[in-house]
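These notes are about the structure you will find just below.
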């Protein structure tokens, strides 16, 4: 019962963040929304594991949290510098 | 005792669900990108945290709760880092926060939204 | 050396907890992977007091409950602002002085500011943090310097890792 409430809340919030990811207006809004969506996915996987009585799903949630973190950092850096290596402009902002 | 643990966990899950939805509303309603970061912050800290801690009380003391604690700690450690990276990328990309009373040495140009989509 | 040993211990505990198997073969495989990872981390030169701050452990457990209370309080404040129909926000960019002695302390302070909704660290210049605040109350609460004092008290700035910065390095975390 409680798990269904949490799952519905997560799904409603997912719709809201997807709205922001589609609406934009800047690319950074979209990255922010996708990052929040990833956190929600982690919560949804954990809740679904309890809902279906299979807590092994938590391994997936853990891995998804890792991938979400690295993915957001990588996309931020890619948007900032247009490539993943050292910046070409010669400024000091090499690492995020 | 079991009743008490159940009540605590249900309360936490309920509070977390409410904060998740409020954070989502914030991500949609707040006016510019730097303000929306605060809405995402609600989702990342109290929303996800309270739901997952509520699940810990449901699980009891075993390997499942240890994994849940790991997930909570991981989200709490990584969420500020991604926010810093994103804020830095946005500042470098020319987005400036929309402020009411700008201090003299913080540049506020362009009204907040750049055309980079 | 101490840091490497402690990192290996933490990694091995993590292996045991995540696998849940206690057979000789799997335990030794876990030991091998832990040794490989500690070796790689040693080659990357990330095993030091910044990558693995064991000297903060005891005081961190005093700091985290206070930080949790702060997070809950500011969450409620920001949630109240968001659900009001008129949304009485007054975004501002303020500058906060960080009095920590080490870069690690500054990272902890910047991350603590960001973890409490209502304030987000968007840039850092030496020991001045540029913070975006959603409401005036959040900005004023940060400018009282309570959190700064707590973080400074937590990191032992008279300890063995005093400030040794050389150039203008930006970016916290």
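Protein chains in written order, with the working numbering: chain A, 119 to 214; chain B, 106 to 222; chain C, 373 to 545.
Backbone N, C-alpha and C define an ideal beta-carbon position, used for all residues, glycine too.
Does the CB of residue i have a neighbour CB from chain C at under 8 angstroms?
{"i": "residue 142/B", "result": "yes"}
{"i": "residue 147/B", "result": "yes"}
{"i": "residue 131/B", "result": "yes"}
{"i": "residue 168/B", "result": "yes"}
{"i": "residue 164/B", "result": "no"}
{"i": "residue 194/B", "result": "no"}
{"i": "residue 151/B", "result": "yes"}
{"i": "residue 107/B", "result": "no"}
{"i": "residue 200/B", "result": "no"}
Roughly how many angstroms lie between the CA atoms of residue i and residue j, to the nearest whole one?
{"i": "residue 184/A", "j": "residue 160/A", "result": "10 angstroms"}
{"i": "residue 183/B", "j": "residue 187/A", "result": "7 angstroms"}
{"i": "residue 110/B", "j": "residue 163/B", "result": "8 angstroms"}
{"i": "residue 149/B", "j": "residue 200/B", "result": "23 angstroms"}
{"i": "residue 205/B", "j": "residue 469/C", "result": "22 angstroms"}
{"i": "residue 507/C", "j": "residue 526/C", "result": "28 angstroms"}
{"i": "residue 367/C", "j": "residue 510/C", "result": "Since the displayed chain C opens at 373 and closes at 545, residue 367/C lies outside it and no answer follows."}
{"i": "residue 457/C", "j": "residue 135/B", "result": "12 angstroms"}
{"i": "residue 163/A", "j": "residue 439/C", "result": "27 angstroms"}
{"i": "residue 433/C", "j": "residue 494/C", "result": "27 angstroms"}
{"i": "residue 116/B", "j": "residue 482/C", "result": "31 angstroms"}
{"i": "residue 131/A", "j": "residue 158/A", "result": "8 angstroms"}
{"i": "residue 421/C", "j": "residue 108/B", "result": "44 angstroms"}
{"i": "residue 478/C", "j": "residue 200/A", "result": "29 angstroms"}
{"i": "residue 118/B", "j": "residue 437/C", "result": "20 angstroms"}
{"i": "residue 475/C", "j": "residue 496/C", "result": "11 angstroms"}
{"i": "residue 447/C", "j": "residue 492/C", "result": "13 angstroms"}
{"i": "residue 473/C", "j": "residue 185/B", "result": "21 angstroms"}
{"i": "residue 139/A", "j": "residue 197/B", "result": "21 angstroms"}
{"i": "residue 397/C", "j": "residue 173/A", "result": "25 angstroms"}
{"i": "residue 194/B", "j": "residue 394/C", "result": "46 angstroms"}
{"i": "residue 128/B", "j": "residue 178/A", "result": "24 angstroms"}
{"i": "residue 128/A", "j": "residue 203/B", "result": "30 angstroms"}
Counting only beta-carbon separations shorter than 8 angstroms, does residue i have a partner in chain B?
{"i": "residue 339/C", "result": "Examination of residue 339/C is not possible in this model, given that chain C is present from 373 through 545 alone."}
{"i": "residue 181/A", "result": "no"}
{"i": "residue 150/A", "result": "yes"}
{"i": "residue 543/C", "result": "Confidence at residue 543/C is low in this model, with a pLDDT of 39, below 50, so the placement of that residue is unreliable and no value is reported for it."}
{"i": "residue 178/A", "result": "no"}
{"i": "residue 158/A", "result": "yes"}
{"i": "residue 122/A", "result": "no"}
{"i": "residue 191/A", "result": "yes"}
{"i": "residue 463/C", "result": "yes"}
{"i": "residue 493/C", "result": "yes"}
{"i": "residue 194/A", "result": "yes"}
{"i": "residue 428/C", "result": "no"}
{"i": "residue 506/C", "result": "yes"}
{"i": "residue 406/C", "result": "no"}
{"i": "residue 373/C", "result": "no"}
{"i": "residue 146/A", "result": "yes"}
{"i": "residue 382/C", "result": "no"}
{"i": "residue 169/A", "result": "no"}
{"i": "residue 454/C", "result": "yes"}
Cutting at 7 angstroms between CB atoms, please list the residues of its own chain near residue i, excluding the five before and the five after it.
{"i": "residue 419/C", "result": "375, 376, 379 and 413"}
{"i": "residue 120/B", "result": "155"}
{"i": "residue 515/C", "result": "466 and 468"}
{"i": "residue 461/C", "result": "453, 506 and 507"}
Residues bridged to residue i by DSSP?
{"i": "residue 469/C", "result": "500/C"}
{"i": "residue 491/C", "result": "505/C"}
{"i": "residue 464/C", "result": "505/C"}
Less than 8 angstroms between C-beta atoms, sequence neighbours within five positions excluded: which residues of the same chain meet that for residue i?
{"i": "residue 106/B", "result": "none"}
{"i": "residue 443/C", "result": "487, 488 and 489"}
{"i": "residue 465/C", "result": "494, 502, 503, 504 and 505"}
{"i": "residue 142/A", "result": "148"}
Excluding the 5 residues preceding and the 5 following residue i in the sequence, name in chain order all residues of the same chain whose CB lies nearer than 6 angstroms to its CB.
{"i": "residue 168/A", "result": "121"}
{"i": "residue 238/B", "result": "Residue 238/B lies beyond the residue range present for chain B, which begins at 106 and ends at 222; the question has no answer from this structure."}
{"i": "residue 165/A", "result": "121, 124 and 125"}
{"i": "residue 151/B", "result": "124"}
Please tell me whether residue i has its Cβ less than 8 angstroms away from any Cβ of chain A.
{"i": "residue 112/B", "result": "no"}
{"i": "residue 158/B", "result": "no"}
{"i": "residue 121/B", "result": "yes"}
{"i": "residue 118/B", "result": "yes"}
{"i": "residue 181/B", "result": "no"}
{"i": "residue 238/B", "result": "The first residue shown for chain B is 106 and the last is 222, placing residue 238/B beyond what the model contains."}
{"i": "residue 126/B", "result": "yes"}
{"i": "residue 174/B", "result": "no"}
{"i": "residue 204/B", "result": "no"}
Rounded to the nearest angstrom, how far is the Cβ of residue i from that of residue j, given a contact under 8 angstroms?
{"i": "residue 188/B", "j": "residue 191/A", "result": "Residue 188/B to residue 191/A, Cβ: 11 angstroms. No contact."}
Given that residue i touches chain D, what residues does it touch there, using C-beta distances under 8 angstroms?
{"i": "residue 138/A", "result": "Going by chain labels, chain D is absent from the structure shown, which instead holds the protein chains A, B and C."}
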